[in-house]
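Note that the working numbering has the sequence shown beginning at 1, numbered continuously upward. These notes concern the structure reproduced below.
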Amino acid sequence: MKTLTTKLSILVFGLLMTLNLNAQDFQGQATYISKSTMDLGNWGKRLSEAQKKQVMARLKNRLEKTYTLTFNKEESIFKEGDKLDAMSGATDSWGKNFAAGDQYKNVKTNTQIQDQEFYGKRFLVKDKLQKIEWVMGTETKQIGNYTCFKATASIPTDELTWYAFSWDKLRRNNANVETGEASDKEEKEEEIPMTEVEAWYSPQIPVGHGPSEYWGLPGLILEVSAGDTTMLCSKLVINPEEKIEIEAPDKGKETTKMEYQETIVAKMKEFRDNRMGRSRG
């Protein structure tokens, strides 16, 4: 522990000697490359290698993405870069309904504001920041010019993907209601799916920001792995020549994370019921 504390002290002291973090105009911008893997399961076993390559090429725009995180001492804005469909050149309209929108975080006020669009309707999701209980490690590694320390956490999967939809989650919730499992608090807590998160942060940039839902470490998160997705900072600029305004989204129907998830589930149930009704007819 003493070794870790000494390393952190040296890194922070060195940074404070080179950067005036008390200045009101302190700002940084990080570019992240996100890569995900996908298991085609039993369906994939029936495909030839050529077919598998074609499928993966078709899904590439969902599996590989670019993001930017613009931040100052207290605020950050996280945005996905536009990417065209790898096969048709069109934007991924289906995936857009369940993708994270522009995300504003304020670590001082514990506030998150996110711009979400769902089937043509715009929502302004206002809530608290995702609570994360980080376990600090002593391992270090170099990412670019920065020394990073490891931290891990276990976070409820549904809380990390509150803006998305899963038929498996819907079936699980329905099963709990039908069997009465949801009434047993302890049993319900045991069954909550968790995502194991591994983050690498650098005290050389002593701000509590990070990509996506991740934050709260004593340094900028430069790499984070959760489930089948890894986000890695590929470029970092401190105090860019042209200052970028950090503005919270302000348009759309105001709601909370839980209310937004309920809206998605209700709409998907409606789609399912309508489809089943047409098939019976």
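Ideal placement from N, C-alpha and C gives every residue a C-beta, glycine not left out.
Secondary structure of residue i, DSSP reduced to three states
i	result
Asn274	helix
Leu63	helix
Ala266	helix
Thr230	strand
Lys257	helix
Glu80	strand
Asp292	Since the first and last residues shown for the chain are 1 and 281, residue 292 lies out of range.
Glu191	helix
Ser88	Any reading at Ser88 needs caution, since the residue's pLDDT is 43, under 50, leaving its predicted position unreliable; the model's value is listed next. Looking at Ser88 - three-state DSSP - the assignment turns out to be coil, as it is neither helix nor strand.
Ser212	coil
Tyr104	strand
Ser34	strand
Lys141	strand
Leu21	Its pLDDT being 49, under 50, Leu21 is placed unreliably by the model, and the measurement read from it follows with that caveat. Leu21: coil per DSSP, three-state reduction.
Ala182	In this prediction, Ala182 has a pLDDT of 48, which is less than 50 and means its spatial position is unreliable; what the coordinates show is noted afterwards. DSSP places Ala182 in helix when its eight states are reduced to three.
Ser48	coil
Bridge partners - residue i, DSSP secondary structure assignment
i	result
Val135	Thr152
Ile221	Tyr201
Gln116	Phe123
Ile246	Paired residues: none, contrary to the question.
Tyr146	Ile143
Gln29	Thr70 and Val237
Thr111	Asn106 and Lys128
Nearest-angstrom beta carbon gap, residue j and residue i [assumed within contact, 8 angstroms]
i	j	result
Lys79	Asp102	5 angstroms
Tyr32	Ala100	Going by Cβ atoms, the distance from Tyr32 to Ala100 rounds to 13 angstroms, so no, they are not a contact pair.
Phe71	Val237	That pair is no contact at about 11 angstroms.
Thr195	Leu160	6 angstroms
Tyr119	Lys267	7 angstroms
Trp215	Leu129	6 angstroms
Leu124	Pro249	6 angstroms
Pro156	Ile113	Pro156 to Ile113, Cβ: 21 angstroms. No contact.
Gln27	Ile244	7 angstroms
Ser76	Ile246	7 angstroms
Ala153	Gly137	With 8 angstroms as the limit, Ala153 and Gly137 do not qualify as a contact, their Cβ atoms being about 11 angstroms apart.
Ser34	Lys65	4 angstroms
Val197	Gly210	Contact flag wrong, Cβ pair sits at about 10 angstroms.
C-beta neighbour in chain D for residue i, strict 8 angstroms
i	result
Ala153	Reference to chain D is not applicable here, since this structure consists of a single protein chain.
The ligand GDP heavy atom lying under 7 angstroms from the CB of residue i
i	result
Leu217	Here there are no bound small molecules, and the ligand GDP is not part of this structure.
| query | Okay, do the segment 255-272 and the segment 226-244 touch, 3+ Cβ pairs below 8 angstroms being the bar? | reply | The segment 255-272 and the segment 226-244 do not touch, with fewer than 3 CB-CB distances between them shorter than 8 angstroms.
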